[in-house]
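Chains as they are written, first to last, in this note's numbering: chain A, 1 to 158; chain B, 1001 to 1158; chain C, 2001 to 2158; chain D, 3001 to 3158.
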């Protein structure tokens, strides 16, 4: 191998092993896909994407979405990034009598305990989170799951 | 004129006099222009656009922007929509000894009293507001003023 | 007995009956033991120790712990010191229909009603509290109970 | 060079160019140095270290430190990580009549506008922040500057 070939292999290895960090372009590309799906479902939602430190990167409010959905979507992303799980899973744990009952009060009102929040992963590592609010619980949960599912594909296309 | 012709003229007149409402597409188009300008200035900012009810419509955090700028940008948009003035103008009024001294304490920490927030107008009517945070005060103020200036043009191009 | 001998005996008696106050060295020694145990369990947790006035003395976030766990661990220590009981015990009392139902709303979001918080005692007297968050409820509860159990031993070794 | 040798060189190069992320061991090693210096100055302070996302990693309250210093130290670290500057520099900008006057109200009370907060850098890149509170302003500022100064050395020694 000559120097140039080594460089190429090294670059390849690095790019293959490195997890992508969340960024604005990626967040917007993902949001755009979810907006399209929400439109096809005939609903208007707020979509928030955060980085893995639970800091918001982009928030879009579709025309006519609930005013209250802004905080809910942002907080769903915070919750999923902050606890490394979907808010749908947390919902089960936070019911009266269940093990995390009361967790919605521990973080200054930022923990959401119903579906619509998901972590976003690249090769099994969390790189951010997603929050969707504005439809029924089923619709928010479906849209967030859809976003999680297509995330790596969106990431690879950028 | 027959009935159909009258209808057409009326529709035209109404569409010309009607103020456009803020919407997600418009907010994103404006944000995109400001992002380009911020990039050309070599800075990373957070840009928030609200509707005229001071409710956020879209927020974008450019890669590497200050973490603290998210709240500041959103609050600058809130302040401008909420008080129908730029935060640069409010800055003068809120200094010790000036008439609105203390206003930064009145709205649960959402009033920002330095530049970077502007109202967005269509034909002289407020349709929303803009908040920019992440550069120096001068840069934020310049970017917000730029956004205000190009807003109607952006609106007409959609 | 001469004066010097009397002094020595008195000092001994006082030191044996005196409750140790929480301090930074003690808090860190306890945290360190719990970190070791968490590591051996393969989990990353946040550990907070407060004094008997429910004021934090030390907080450590193990690498990779949940972001949301910081507030939760600090609040578990607050809750246990503030109510002189484990948060596991409080969990039972705070369920719907139980006598302290609603207590999670009384202290600005600082009351945690699931396991992982314990009081720390020296000779039966409360000298502080401990909060652990980041594992499952069972793991947090186990780690906090472990911390409570070894506390006096840690205290004697300093 | 054979494949194995190339791999070793590549790993070395990567580890040399990579910026260290903040972690608990590093935060505690830095805090320990600052505690020693505070002790030598005869004062008790609270020391907080955050990662670059402004999330706390470790907080230590020296025995006898002000109760109020816990929030102040944590918030100084938040402010420096959140705005990528020392709180001493921000102090100048936030005075009445200066450009960021009023910034202390924009982020839910987490912006501190007096000295004692510093960013922590590795090879010119921010990897976290430090907050010190409990002495006079001069002492807090000195201790934070000291922490910033020795940070890379502490990092290299781990």
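Glycine residues also receive a C-beta, built at the ideal position from the N, C-alpha and C atoms.
These figures come from a predicted structure and were not determined experimentally.
Task: Where the beta strand (DSSP E) through residue 2140 of chain C begins and ends - done: Counting from 1 along the third chain, the entry for residue 2140 of chain C is found at position 140. Segment 2137-2157 is the alpha helix (DSSP H) holding residue 2140 of chain C; no beta strand (DSSP E) there.
Open item on the list: If you follow the alpha helix (DSSP H) that residue 2169 of chain C is in, where does it begin and where does it stop?
Closed with: Nothing in the structure corresponds to residue 2169 of chain C, since chain C is present only between 2001 and 2158.
TODO: Could you tell me which chain D residues have their CB closer than 9 Å to the CB of residue 1004 of chain B, listed as they occur along the chain?
DONE: Counted from its first residue, the second chain places residue 1004 of chain B at position 4. Correct list: empty, because the minimum Cβ distance to chain D is about 55 Å.
TODO: Specify, as a first and last residue, the run of the alpha helix (DSSP H) that residue 90 of chain A falls within.
DONE: Residue 90 of chain A sits at position 90 when you count from the first residue of the first chain. Unbroken alpha helix (DSSP H) run through residue 90 of chain A: 87-93.
Open item on the list: I need the boundaries of the beta strand (DSSP E) containing residue 1125 of chain B, first residue and last residue.
Closed with: As a first step, residue 1125 of chain B must be located in the second chain, where it is residue number 125. First-last of the beta strand (DSSP E) with residue 1125 of chain B: 1125-1133.
Open item on the list: Using a Cβ-Cβ cutoff of less than 7 Å, which residues in the same chain neighbour residue 2980 of chain D once the five nearest sequence positions on both sides are dropped?
Closed with: Because chain D spans 3001 through 3158 in this model, residue 2980 of chain D falls outside it and cannot be assessed.
Open item on the list: Residues in the same chain with beta-carbon distance under 7 Å from residue 3087 of chain D, minus the five sequence neighbours each way, listed in chain order, please.
Closed with: Counted from its first residue, the fourth chain places residue 3087 of chain D at position 87. Once the five neighbours on either side are set aside, the close Cβ partners of residue 3087 of chain D are 3076, 3079, 3080, 3112, 3113, 3114, 3115, 3116 and 3117.
- [ ] Say whether the segment 137-146 of chain A touches the segment 33-43 of chain A, bearing in mind that this needs 3 or more beta-carbon pairs closer than 8 Å, one atom from each stretch.
- [x] yes
Task: N- and C-terminal bounds of the beta strand (DSSP E) containing residue 47 of chain A - done: In the first chain, counting from the first residue as 1, residue 47 of chain A sits at position 47. Here the beta strand (DSSP E) through residue 47 of chain A covers 46-51.
Task: Partner residues on chain A for residue 1157 of chain B, Cβ-Cβ distance less than 9 Å - done: For this step, residue 1157 of chain B is matched to residue 157 along the second chain. The contacting residues do not exist; residue 1157 of chain B stays about 18 Å from chain A at best.
Task: Beta-carbon gap between residue 3035 of chain D and residue 3062 of chain D smaller than 8 Å - done: Here residue 3035 of chain D refers to the residue found at position 35 when the fourth chain is read from its first residue. Here residue 3062 of chain D refers to the residue found at position 62 when the fourth chain is read from its first residue. In contact: residue 3035 of chain D and residue 3062 of chain D (Cβ atoms closer than 8 Å).
Task: Touching by the beta-carbon criterion (3+ pairs, under 8 Å), the segment 3123-3140 of chain D and the segment 1120-1129 of chain B - done: no
- [ ] Name, please, each residue of chain B whose Cβ falls closer than 8 Å to the Cβ of residue 3107 of chain D.
- [x] In the fourth chain, residue 3107 of chain D corresponds to position 107, counting from 1. Per Cβ cutoff of 8 Å: 1068, 1071, 1072 and 1109.
TODO: Classify residue 21 of chain A as helix, strand or coil using the three-state DSSP reduction.
DONE: By 1-based counting over the first chain, the position of residue 21 of chain A is 21. Looking at residue 21 of chain A - three-state DSSP - the assignment turns out to be coil, as it is neither helix nor strand.
Open item on the list: So, does the segment 92-110 of chain A touch the segment 1052-1072 of chain B, judging by three or more C-beta pairs under 8 Å?
Closed with: no
Open item on the list: Please confirm whether residue 56 of chain A has its beta-carbon closer than 8 Å to some beta-carbon of chain C.
Closed with: Position 56 of the first chain holds residue 56 of chain A. Residue 56 of chain A does not count as touching chain C.
Open item on the list: Once the 5 residues before and after residue 1103 of chain B are set aside, which same chain residues still bring their CB inside 6 Å of it?
Closed with: Within the second chain, numbered from 1, the residue matching residue 1103 of chain B stands at position 103. These residues qualify, in order along the chain: 1094 and 1111.
- [ ] Can you pull the chain C residues whose beta carbon is under 8 Å from the beta carbon of residue 26 of chain A, in chain order?
- [x] On the first chain, residue 26 of chain A is found 26 positions in, with the first residue counted as 1. Correct list: empty, because the minimum Cβ distance to chain C is about 20 Å.
TODO: Can you tell me which of the three DSSP states residue 1112 of chain B falls into?
DONE: The sequence position of residue 1112 of chain B within the second chain is 112, counting from 1. Residue 1112 of chain B: coil per DSSP, three-state reduction.
Open item on the list: I'd like to confirm the pairing. Which residues does DSSP put opposite residue 1058 of chain B in its beta bridges?
Closed with: Here residue 1058 of chain B refers to the residue found at position 58 when the second chain is read from its first residue. Its beta-bridge partners are A/60 and B/1049.
Open item on the list: If you measure between the beta carbons of residue 3083 of chain D and residue 1068 of chain B, is that distance less than 8 Å?
Closed with: Indexing the fourth chain from 1 puts residue 3083 of chain D at position 83. Indexing the second chain from 1 puts residue 1068 of chain B at position 68. Yes; because the gap between Cβ atoms is below 8 Å, this pair is in contact.
Task: Test: residue 53 of chain A CB closer than 8 Å to a CB of chain D - done: As a working mapping, residue 53 of chain A is identified with position 53 in the first chain. Taking Cβ atoms only, chain D reaches closer than 8 Å to residue 53 of chain A, which makes this a yes.
TODO: Could you tell me which chain C residues have their CB closer than 8 Å to the CB of residue 3122 of chain D, listed as they occur along the chain?
DONE: Here residue 3122 of chain D refers to the residue found at position 122 when the fourth chain is read from its first residue. By Cβ distance, chain C contributes nothing, its closest Cβ being about 16 Å from residue 3122 of chain D, past 8 Å.
Task: Where residue 148 of chain A falls, given that 16 or more other Cβ within 10 Å makes a residue buried - done: In the first chain, residue 148 of chain A corresponds to position 148, counting from 1. The residue in question, residue 148 of chain A, is buried, as its Cβ has 16 or more Cβ neighbours within 10 Å.
Task: CB contact below 8 Å: residue 85 of chain A versus chain B - done: Along the first chain, read from residue 1 onward, the residue named residue 85 of chain A stands at position 85. No, its Cβ sits nowhere closer than 8 Å to a Cβ of chain B.
- [ ] Please confirm whether residue 3024 of chain D and residue 2060 of chain C have their CB atoms less than 8 Å apart.
- [x] Indexing the fourth chain from 1 puts residue 3024 of chain D at position 24. Indexing the third chain from 1 puts residue 2060 of chain C at position 60. Cβ distance < 8 Å, so residue 3024 of chain D and residue 2060 of chain C count as in contact.
Open item on the list: If I measure Cβ to Cβ from residue 2051 of chain C and keep anything under 6 Å in the same chain, skipping five residues before and after, which residues do I get?
Closed with: Taking the third chain and counting its residues from 1, one reaches residue 2051 of chain C at position 51. Only 2022, 2057 and 2128 meet the Cβ criterion.
Task: Beta-carbon gap between residue 70 of chain A and residue 46 of chain A smaller than 8 Å - done: For this step, residue 70 of chain A is matched to residue 70 along the first chain. For this step, residue 46 of chain A is matched to residue 46 along the first chain. Yes, the Cβ-Cβ distance between residue 70 of chain A and residue 46 of chain A is below 8 Å.
Task: Proximal chain A residues relative to residue 2094 of chain C, where beta-carbon distance stays under 7 Å - done: Against the third chain, residue 2094 of chain C aligns to sequence position 94. In chain order: 102.
Open item on the list: So with CB distances below 7 Å, who are the chain B contacts of residue 63 of chain A?
Closed with: Here the question's residue 63 of chain A lines up with position 63 in the first chain. Per Cβ cutoff of 7 Å: 1023 and 1024.
Open item on the list: For a cutoff of 8 Å on Cβ pairs, would you count residue 2059 of chain C as touching chain D?
Closed with: Looking up residue 2059 of chain C in the third chain gives position 59. With 8 Å as the cut-off, residue 2059 of chain C counts as an interface residue toward chain D.
TODO: Along the alpha helix (DSSP H) that carries residue 43 of chain A, what are the first and last residues, could you check?
DONE: Working through the first chain from its first residue, we reach residue 43 of chain A at position 43. Neither: residue 43 of chain A is in no alpha helix (DSSP H) and is coded neither H nor E.
Task: Cβ-Cβ separation, residue 2109 of chain C to residue 109 of chain A (assumed contact under 8 Å), whole Å - done: Walking along the first chain from the start, residue 109 of chain A turns up at place 109. Walking along the third chain from the start, residue 2109 of chain C turns up at place 109. The Cβ separation is near 7 Å, so the contact holds.
- [ ] Taking residue 1075 of chain B as the query, report the chain D residues whose CB atoms sit under 8 Å from its CB, ordered along the chain.
- [x] Within the second chain, numbered from 1, the residue matching residue 1075 of chain B stands at position 75. Neighbours of residue 1075 of chain B on chain D, chain order: 3106.
Open item on the list: Measuring alpha carbon to alpha carbon, tell me which residue in B/1150, B/1097, B/1007 and B/1009 is nearest residue 1122 of chain B.
Closed with: Taking the second chain and counting its residues from 1, one reaches residue 1122 of chain B at position 122. Of the candidates B/1150, B/1097, B/1007 and B/1009, the one whose C-alpha sits nearest the C-alpha of residue 1122 of chain B is B/1150.
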